[in-house]
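What follows is a set of notes on a single structure, which appears directly below.
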Amino acid sequence: MLSVAHLGLAPERESSGRKCAVPVNDGGTAGKGDAPSLTLTGACLHLGLVSLLSDMGTESALSAVYSSNRVWQYKMVSLSSWLLVLCAVSPWGVAQQSCGGACECTAAIKFLNCSGRGFVSVARDLPPDTEHLDLSGNGLVRLHRGGFWLLWNLRVLLLNDNNISVVSDGAFSPLESLRRLDLSRNRISALGDGFSTGLGSLRELLLSQNRLGLLAGGSFLHLHGLRTLDLSANRIVSLDLQGNRLRSLPSGVFSSLRSLEVLDLRANRIGRVEEGALSPLASLALLDLSRNALSAVGFRTFLSMRAHSTHILLRQNPWRCDCDAQRVFGKLRAVGRIFLDDYANLSCGEPPELRDQRLGQVDGELCVAETVTVLVLIATVVVTVLAAVVMAERNKRRPADKRGGEEGSGPEECAAD
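My numbering numbers the first residue of the sequence shown as 1 and each following residue consecutively.
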C-alpha cells in the first residue's frame, strides 16, 4: 500500500496558505513526530473533499473540524497536485476495496475468485495486493503482454478451463513472485521464446490437455526454480529443453510424451539418466544429450527405447573411460536400431591420464589391465587348487607307506625270537 511517506513529503505543523488535517489509519491521532500513514485511497478522498469545499468557500470550516481532532495539518498546495495526478492514473484510487467487478474476495483481498464469471479478458481493476487469483472457467481467448502488470504480489494464478489459444511473449513478466501457474485445458498450440520471462520463481507449471505440438528453445529458459512441469495429453512431437538447469532425468519423467520424436536436452547439467526415464518414448527419432555432465550411462537406459530408429548425440560430456564404458558403448553400437552418431567425438573426462583423449581411440586398451588382473587371479586360484590337491595326495600316501613298513618288519622279528 502506497503511503504519503513514500512520496517524500514531510508534514508541517504550521504553514501559511491552505491547510488541512489528515486522519491516521489506526483511528487515533498522530502524535508529535509521528510519520503520516495516509493511504492513496484516503488521500484521494480527502483531497477531493477539500478541493470541493475550497471551491465552495468552506475550507475554513473543514479545517476547524479537523483541528478539533488534534491531527497533523498538511500543506495542500503541492500535495494536491501530486495526489490529483495519482488519483487520475491509479486504477484502484477510490475503489481500493473493490474485488474486480463480479469477483469474490476475502476481507483482506488476498484471495480473489473470478472463476466462471464469463470474462473474455483480464480485468484491469484487480486489487494490486492479490496473492491468489482464480480466473478458471471463463472465456479468455488471448493473454496480452502487460495484462497482469499491477499484480506484483501474485503467487498463484489459475487460468485453466478457458479458451486461451495465444499467450503473448512477456504476458507474465510482472509476476516475479508467482509460484503456481495453471494453463491446463485450453487451446494453446505454441509457446514463444518469451513465455517464461518474469517467471524465475515459478515452482509448478501445468500445461496439460492443450494443443501443444512444438515448444521453442526459449520457452522455459527463465524457469530456474521449476519443480513440476505437466505436459500430458498434448500433441508434442518436438520438445526443446536446451540451456536449462536440469540435473537428472528420473524414471517416468516423459511418461506422457509418447508421441515425441525430437528431444533436445543439450547444454543442461544432466549427470544421471535413470533406467526407465526414456522407455516411454516409443517414437523418438533424435535424442540430444550433448554438453551435459554425463560420466556414465547404463546399457538398458537406451535399450529400453522401443523406437524403430533412434539417433543419439552424446559429445561434450566428461565420460569416465574404463572397461565398463567400453562394454556399454560396444553393446550399444551393436544394437541395430540405436545410432551413436558422434561416438568418434566422445572425449574422456577421467581418469586424469586419459583426459581429453577420444574414447574411440582408447577403448581397445581400457579392459587390458582388468583382463590381466583377471588372468592373474585365475592363475592364482588354479595354482592354489593344484597345490591343495598335491598336498592332499601326499597326506593320503603317508599313512599307507607307514602301514606297509610295519607289516614288512613283522616276520623278521618273529624269526629272531
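The C-beta atom is built at its ideal place from N, Cα and C for all residues, glycine as well.
- Distances from the alpha-carbon of E176 to those of L202, D169, N186 put L202 closest.
- DSSP places A285 outside both helix and strand once states are collapsed to three, so it counts as coil.
- A Cβ-Cβ distance of about 16 Å is found for the pair I270 and L286, leaving them out of contact under the 8 Å criterion.
- Proximity to R337 across L212, G213, L284, L229 peaks at L284, based on C-alpha coordinates.
- Note on geometry: alpha-carbon atoms of R142 and L303 lie some 43 Å from one another.
- Excluding its 5 nearest sequence neighbours in each direction, D356 has C-beta neighbours in its own chain below 6 Å: S347, listed in chain order.
- The residues E204, in chain order, have a CB closer than 6 Å to that of T228 in the same chain once the five nearest residues on each side in sequence are set aside.
- Exposed is the label assigned to L386, since fewer than 16 other Cβ atoms lie within 10 Å of its Cβ.
- The three-state reading of DSSP puts R397 in helix, counting H, G and I together.
- When DSSP states are grouped into helix, strand and coil, D324 belongs to the helix group.
- If you compare the alpha carbons of A296, N292, A267, V253 with that of L281, the shortest gap goes to V253.
- Here L377 is exposed. Its C-beta has fewer than 16 other C-beta atoms within 10 Å.
- When the five nearest sequence neighbours on each side are left out, the beta carbons in the same chain lying within less than 6 Å of the beta carbon of N160 are those of S136, D182, S184, R185, in order along the chain.
- Exposure of M391 is indicated by the presence of fewer than 16 other C-beta atoms within 10 angstroms of its C-beta.
- Around the C-beta of G147, 16 or more other C-beta atoms lie within 10 Å, and the residue is accordingly described as buried.
- Between A277 and S295, the gap from beta carbon to beta carbon reaches 8 Å or more.
- Under the DSSP assignment, V141 falls outside any alpha helix (DSSP H); it carries neither an H nor an E label.
- Looking from the CA of N268, the closest CA among G200, E261, A307, N244 belongs to N244.
- Nearest to N163 by C-alpha distance, out of L314, I188, R179, N153, is I188.
- Judged by their CB atoms, L140 and S121 are nearer to each other than the 8 Å cut-off.
- Annotated as distal: S248 and R266, with beta-carbon spacing of 8 Å or more.
- If you look at G360, you'll find it isn't in any beta strand (DSSP E); it sits in the alpha helix (DSSP H) that goes 359–362.
- The Cβ atoms of L359 and C321 lie closer than 8 Å to each other.
- Note that the C-beta distance between I236 and S255 is not below 8 Å.
- In the three-state DSSP reduction, L112 falls in the strand class (E or B).
- Just measuring C-alpha positions, the residue of A102, D125, L133 sitting nearest G118 is A102.
- Annotation: the continuous alpha helix (DSSP H) that includes F302 extends over 299–303.
- C-alpha of G198 to C-alpha of V335: approximately 45 Å in a straight line.
- Straight-line spacing of the CA atoms in D342 and D125 works out to 56 Å.
- Secondary structure note for I312: its beta strand (DSSP E) is the uninterrupted segment 310–313.
- Among the bridge pairs identified by DSSP, I164 is matched with none.
- Less than 8 Å divides the Cβ of P318 from the Cβ of E350.
- DSSP, read as helix, strand or coil, puts I338 in strand.
- Cα atoms of L178 and D240: separation of roughly 23 Å, rounded to the nearest angstrom.
- In this chain, S295 is not harboured by any beta strand (DSSP E), its DSSP state being neither H nor E.
- Check the Cα spacing between H308 and each of S279, K331, A293: the tightest is with S279.
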